[in-house]
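Since the structure comes first, as structure tokens, the remarks are kept for the end.
Residue numbers (the numbering used here): 2 to 119.
Set out below in structure tokens:
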């Protein structure tokens with residue numbers, strides 16, 4: 002089992018920055034990929050950014066150049082994935098979820114609210 006705990010959400014004005022963190026503990030060896038998804042009210046949950054165990058990254062077009070995903074592997078048997086969000090826009094408002102997956106494993110965090118005011 003893997004536990005994912007997110008932190009760092011909040012309320013920010015447009016143009017501001019937030020940093021989300023997700024700490025994965027437990028059987029973290031089963032996780033190859035980690036990422037951030039978001040879900041706005043009435044919409045589906047979509048990928049924002051992902052990173053492999055080797056450091057390869059992928060971003061949705063709408064956040065390229067504004068968001069940066071990074072990862073720290075196996076420090077005290079924990080993996081951490083961070084999402085630095087700059088130049089935030091009101092359309093970035095959503096609940097952000099951390100996900101860790103690989104092989105048969107697929108884990109989600111509880112979500113953290115990000116609200117960007119105009």
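Ideal placement from N, C-alpha and C gives every residue a C-beta, glycine not left out.
State the Cα-Cα distance for the pair residue 22 and residue 51, rounded to the nearest angstrom.
-> As a first step, residue 22 is located in the chain shown; it is residue number 21 there, counting from the start. As a first step, residue 51 is located in the chain shown; it is residue number 50 there, counting from the start. Their backbone Cα atoms lie some 13 angstroms apart in a straight line.
Is the beta carbon of residue 102 less than 9 angstroms from the beta carbon of residue 33?
-> The sequence position of residue 102 within the chain shown is 101, counting from 1. The sequence position of residue 33 within the chain shown is 32, counting from 1. Yes, they are a contact pair.
Which residue's Cα is closest to the Cα of residue 70: 55, 37, 18?
-> Translated into the one-based positions of the chain shown, residue 70 becomes position 69. Closest option to residue 70, Cα to Cα, is 37.
Bridge partners - residue 116, DSSP secondary structure assignment | The residue labelled residue 116 in the question sits at position 115 within the chain shown. In DSSP, residue 116 forms a bridge with 12.
Can you give me the Cβ contacts of residue 113 inside the same chain, cut-off strictly under 6 angstroms, excluding the 5 residues immediately before and after it?
-> One-based indexing of the chain shown puts residue 113 at position 112. Counting only Cβ-Cβ distances below 6 angstroms, and skipping sequence neighbours, we find 7, 10, 97.
Residue from 88, 84, 80 with nearest C-alpha to residue 29 | Locating residue 29 in the chain shown gives position 28, counting from the first residue. Cα-wise, what sits closest to residue 29 is 80.
Check the DSSP bridge columns for residue 107 and list the partner residues they point to.
-> Numbered from 1 along the chain shown, position 106 holds the residue referred to as residue 107. DSSP output for residue 107 lists 102 as bridge partner(s).
Expected contact under 8 angstroms - CB spacing of residue 78 and residue 26 to nearest Å | One-based indexing of the chain shown puts residue 78 at position 77. One-based indexing of the chain shown puts residue 26 at position 25. Right, the Cβ-Cβ distance comes to about 7 angstroms (below 8 angstroms), so this counts as a contact.
In the DSSP assignment, find the unbroken beta strand (DSSP E) run with residue 46 in it and report its ends.
-> Here the question's residue 46 lines up with position 45 in the chain shown. From DSSP, residue 46 is part of no beta strand (DSSP E); its letter is neither H nor E.
For residue 123, write down the residues that DSSP places opposite it in a beta bridge.
-> Since the first and last residues shown for the chain are 2 and 119, residue 123 lies out of range.
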